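Residue numbers (the UniProt record's numbering): 1 to 264.
Please read the structure below before turning to the comments.
Here it is as structure tokens:
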């Protein structure tokens, strides 16, 4: 059965022949019915496999997942790690706060309601926790490892400004940290997130506060952000993230320079 293209018949045939010709080198098997989008995705995957086998001289991508508590960041981060490793890429999963450090342990005590700290103090501790990893993060990226990061500076700014702290003051200690190549924001209504299992286990998991955080996140969106509907079936979210992330990884491997957060 012939493929259906949104091109002229002549161009469509040429494009299809070219695509199948290149991909046949990898012995790909396509279903009888497949779209241009599927062909392109397959081509990107094989480009990724080839580049992943020689990634020492190509930098990794800094990919951040953000969103409200219980939006699905942690599970989707793990799925992305498995996906990239399956394509042969060097990749690691990081989470902030990093509770393995001394600063991270102080933050963990605060989040679990075992200690009390001033709002300004805890904000600076969150920032310090990210600065602890800044040098290692740059080294990893420059040597070809893609980092999938569960929460980053945007969380710190959104949560602290939701408490009423000045937005610019909240952003100031983050300036100079590495800027993500891609921010995946898992968008969910606070009420929906509150219905998910485990909600309420930590200090910030309160519905009214999460509503404020959601509004603060909206003011942080920039060109690096992709908004993902987190109420879709998990499998649909996973596929959508895979395609976006693969594009980002390939772009970074082609020489996209690193930059610093909010330095402009």
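Ideal Cβ placement from N, Cα and C applies to all residues, glycine included.
Quick caveat: nothing in here was measured; it's all calculated off a predicted structure.
- Taking the CA atoms as reference points, residue 144 sits about 22 angstroms from residue 76.
- Sequence-distant Cβ neighbours of residue 214 in its own chain, meaning closer than 7 angstroms and more than five residues away, are 68 and 190.
- Take the alpha-carbon of residue 70 and the one of residue 192: they are about 9 angstroms apart.
- Under the 8 angstroms Cβ criterion, the segment 205–221 counts as touching the segment 154–164, having at least three qualifying pairs.
- At least 8 angstroms separates the beta-carbon of residue 136 from that of residue 92.
- Note on residue 180: 16 or more other CB atoms within 10 angstroms of its CB, so buried under the neighbour-count rule.
- Nearest to residue 106 by C-alpha distance, out of 89, 129, 221 and 59, is 129.
- In this structure, residue 261 lies away from residue 122, with their beta-carbon atoms at least 8 angstroms apart.
- Here residue 152 really is in contact with residue 96; their C-beta atoms are around 6 angstroms apart, less than 8 angstroms.
- One thing to note: residue 58 has its Cβ no nearer than 8 angstroms to the Cβ of residue 65.
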